[in-house]
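Asker: Position in the sequence shown counted from 1, then plus 49, gives you the numbering used here.
Let me begin by handing over the structure; questions about it come next.
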Amino acid sequence: MNEAGARVAVVVPAAGRGERLGGGVPKALRPLGGRPMLVHAVQALSAAELVSQIVVAAPPTLVEVVSRLLGPDVRVLPGGAERVDSVRGALRALDDDIRVVLVHDAARPLTPPSLVDAVARAVLGGHPAVIPVLPLADTVKEVDADGRVLRTPPRGGLRAVQTPQGFRREVLEAAYASQDGDLPAVTDDAGLVERLGVPVATIPGADEAFKVTRAADLLFAEALLARRPLAESGRSS
């Protein structure tokens, strides 16, 4: 983790329950290779060269548990009822000299540090907002409330969005300050910034940065983790 130079922070909202994944524990704390997914995610953030601060919004009743898991270099605070509340609270907890803020899903535990640095570098290079994306492999249909197909958007112009998403601090703070009324309807932070009319740049994402949402995703993540070298995966013999 970078202690000097460019001041880049990562906010990790990790207070959600993740009901689709099941298991009876918050999604971020589901085990992956013997350790919680959140630990894997934060390890990757800590390994990034440009990151100087990490703030995690944890389930309010588990703040002490998460703090022990992540260690003294990571600030852990109680998350809110909604993701947006967690991010807003984490923004208030950032060091004063932070200039770039990345927001990362705890449920993307195998995101490579190189992608974290690539997003930060793109913001430091002049873009007010940056998101990593991948081309879609599947055809996408827009459907109505009854499941009937309304249209088929051309796939060539569509991208799957990943995290971390990166922003100039003042841009992200302005986005959260200006949209209090319907924030829960927004599924990612770039969506808030778009509403301000701020241009959002894209960079190539990474296959490993997929989101663990369902049981099959967890099985896939376990298989990928098993193929990693011991030092890279954080496991010990």
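Glycine included, each C-beta is placed from N, C-alpha and C at the ideal position.
Throw me the rounded Cβ distance for the D193 and L199 pair, which I believe falls under 8 Å.
Answerer: The pair is a contact, with the Cβ atoms about 6 Å apart (cut-off 8 Å).
Asker: Tell me whether the beta-carbon of G65 lies closer than 8 Å to the beta-carbon of L151.
Answerer: no
Asker: Going by alpha carbons, who is nearest to Q102 out of D122, P108, V115, F259?
Answerer: D122
Asker: Below 8 Å between beta carbons: does that hold for E98 and D146?
Answerer: Not a contact, by the Cβ cut-off of 8 Å.
Asker: Taking the beta carbon of V189 as the centre, do at least 16 other beta carbons fall within 10 Å, making it buried, or is it exposed?
Answerer: exposed
Asker: For A280, collect the residues of the same chain with a Cβ closer than 7 Å to its Cβ; drop the 5 residues on either side in sequence, then sort them by chain order.
Answerer: Note that A280 scores 49 on pLDDT, short of 50, meaning its location in the model is unreliable; the coordinates nonetheless yield the value given after this. So no residue of the chain qualifies.
Asker: Work out the CA separation of D238 and R132 for me, nearest whole Å.
Answerer: 10 Å
Asker: For K260, which option in A171, R244, Q211, G196 has the closest C-alpha, if you only look at C-alpha atoms?
Answerer: Taking only the C-alpha atoms, the option nearest K260 is Q211.
Asker: Could you tell me which uninterrupted alpha helix (DSSP H) segments, each at least 4 residues in length, are contained entirely in the region 124-190, listed from first to last along the chain?
Answerer: 132-141, 162-173
Asker: Pop quiz: V114 and R217 are said to be a contact at Cβ under 8 Å. What is the actual Cβ separation, rounded to whole angstroms?
Answerer: Rounded, the Cβ-Cβ distance is 33 Å, inconsistent with contact.
Asker: Confirm, please, whether the CB-CB distance from P127 to P75 is below 8 Å.
Answerer: Against a cut-off of 8 Å, the Cβ pair of P127 and P75 comes out as no contact.
Asker: Helix, strand or coil, according to DSSP, for F216 in the structure here?
Answerer: strand
Asker: Please confirm whether A178 and V242 have their CB atoms less than 8 Å apart.
Answerer: Closer than 8 Å, so yes.
Asker: Would you mind stating whether V160 and E257 have Cβ atoms separated by less than 8 Å?
Answerer: It should be noted that the sequence gives Thr, not Val, for residue 160. Against a cut-off of 8 Å, the Cβ pair of E257 and T160 comes out as a contact.
Asker: Assuming L94 is part of the beta strand (DSSP E), what are its boundary residues?
Answerer: Looking at the DSSP string, L94 is not in any beta strand (DSSP E); the run it does join, the alpha helix (DSSP H), is 86-96.
Asker: Go ahead and label D187 buried or exposed: buried means 16 or more other beta carbons lie within 10 angstroms of its beta carbon, across all protein chains shown.
Answerer: exposed
Asker: Excluding five sequence neighbours on each side, which residues of the same chain lie with their C-beta closer than 6 Å to the C-beta of H153?
Answerer: V59, V61, T212, P213
Asker: If you run the structure through DSSP and keep just helix, strand and coil, what is G65?
Answerer: Secondary structure of G65 (DSSP, three-state): coil.
Asker: Which value, in whole angstroms, describes the spacing of the CA atoms of G254 and V182?
Answerer: 5 Å
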